[in-house]
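Chemist:
Residue numbers (the numbering used here): 38 to 192.
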């Protein structure tokens, strides 16, 4: 597909609205279940760290698509809440490695509860096939944008 002058393109508008709705709904449901340990935005970091991953801030930025300075701010808040911990990389002391704490790993239960509700709200009138197609289109779009940057961020 190529740009056509005077054609109305609304995808960016809809993607932005979906993102904003998703964050607001996610945080509202977190509040409803009484979870004060993390926010939707912070859950992007936790998702990257679950399953025992030890990642640098740049690796987290590459995994999540968040800017490195945003990753640092989110990690700072998660660390204050005892959800993650930072330690020096023994191979390169200039690098910081981030891991989820026990509290951070236990938060996956609340995350899964919220995610189930968010998915059921957002995709309530989608068939399984429509969902798979939609996810495929989003993955394709994401890969196109990633190619624009040509390579992952470097340490």
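Don't be surprised by glycine CBs; every beta carbon is placed ideally from N, CA and C.
Classify residue 148 as buried or exposed, calling it buried when 16 or more other Cβ atoms lie within 10 Å of its own Cβ.
Modeler: Answer is buried; the Cβ neighbour count reaches 16.
Chemist: Might you give, ordered along the chain, the residues of its own chain that have their beta carbon closer than 7 Å to the beta carbon of residue 150, omitting 5 neighbours on each side?
Modeler: Excluding positions up to five away in sequence, the list reads 70.
Chemist: So does the segment 68–88 actually touch the segment 105–117, counting three or more Cβ pairs closer than 8 Å?
Modeler: Yes: the two stretches touch, three or more of their Cβ pairs being nearer than 8 Å.
Chemist: Measure the Cβ-Cβ separation of residue 63 and residue 155 and say whether it is below 7 Å.
Modeler: In this structure, residue 155 lies closer than 7 Å to residue 63 by Cβ.
Chemist: If contact is defined by three or more beta carbon pairs under 8 Å, each pair taking one atom from either stretch, is the segment 85–101 in contact with the segment 132–139?
Modeler: Yes: the two stretches touch, three or more of their Cβ pairs being nearer than 8 Å.
Chemist: On the DSSP bridge list, what partners appear for residue 125?
Modeler: BP columns for residue 125 point to 133.
Chemist: When DSSP builds the beta bridges, which residues end up paired with residue 93?
Modeler: Looking at the DSSP assignment, residue 93 forms a beta bridge with 134.
Chemist: Looking at the unbroken alpha helix (DSSP H) that takes in residue 58, where does it start and where does it end?
Modeler: 48–69 is the extent of the alpha helix (DSSP H) around residue 58.
Chemist: Would you grab the beta carbon distance between residue 133 and residue 107 for me? Rounded to a whole angstrom, and I think it's under 8 Å.
Modeler: About 16 Å; that fails the 8 Å criterion.
Chemist: What residue range does the alpha helix (DSSP H) around residue 156 cover?
Modeler: First-last of the alpha helix (DSSP H) with residue 156: 145–159.
Chemist: With 16 as the cutoff for other CB atoms within 10 Å, does residue 183 come out buried or exposed?
Modeler: Residue 183 is exposed by the Cβ-count criterion.
Chemist: Using the three-state DSSP reduction, which class does residue 111 fall into: helix, strand or coil?
Modeler: Three-state result, residue 111: helix.
Chemist: Identify, in the order they occur along the chain, each residue of the same chain with its Cβ nearer than 6 Å to the Cβ of residue 66, setting aside the five sequence neighbours on each side.
Modeler: Closer than 6 Å at the Cβ level, and outside the excluded window around residue 66, lie 151, 154.
Chemist: Spatial neighbours of residue 100 within its chain, please: CB distance less than 8 Å, with the 5 preceding and 5 following residues excluded, ordered by chain position.
Modeler: Excluding residues within five positions, the ones whose Cβ falls inside 8 Å are 85, 92.
Chemist: Is DSSP giving residue 165 helix, strand or coil here?
Modeler: Residue 165: helix per DSSP, three-state reduction.
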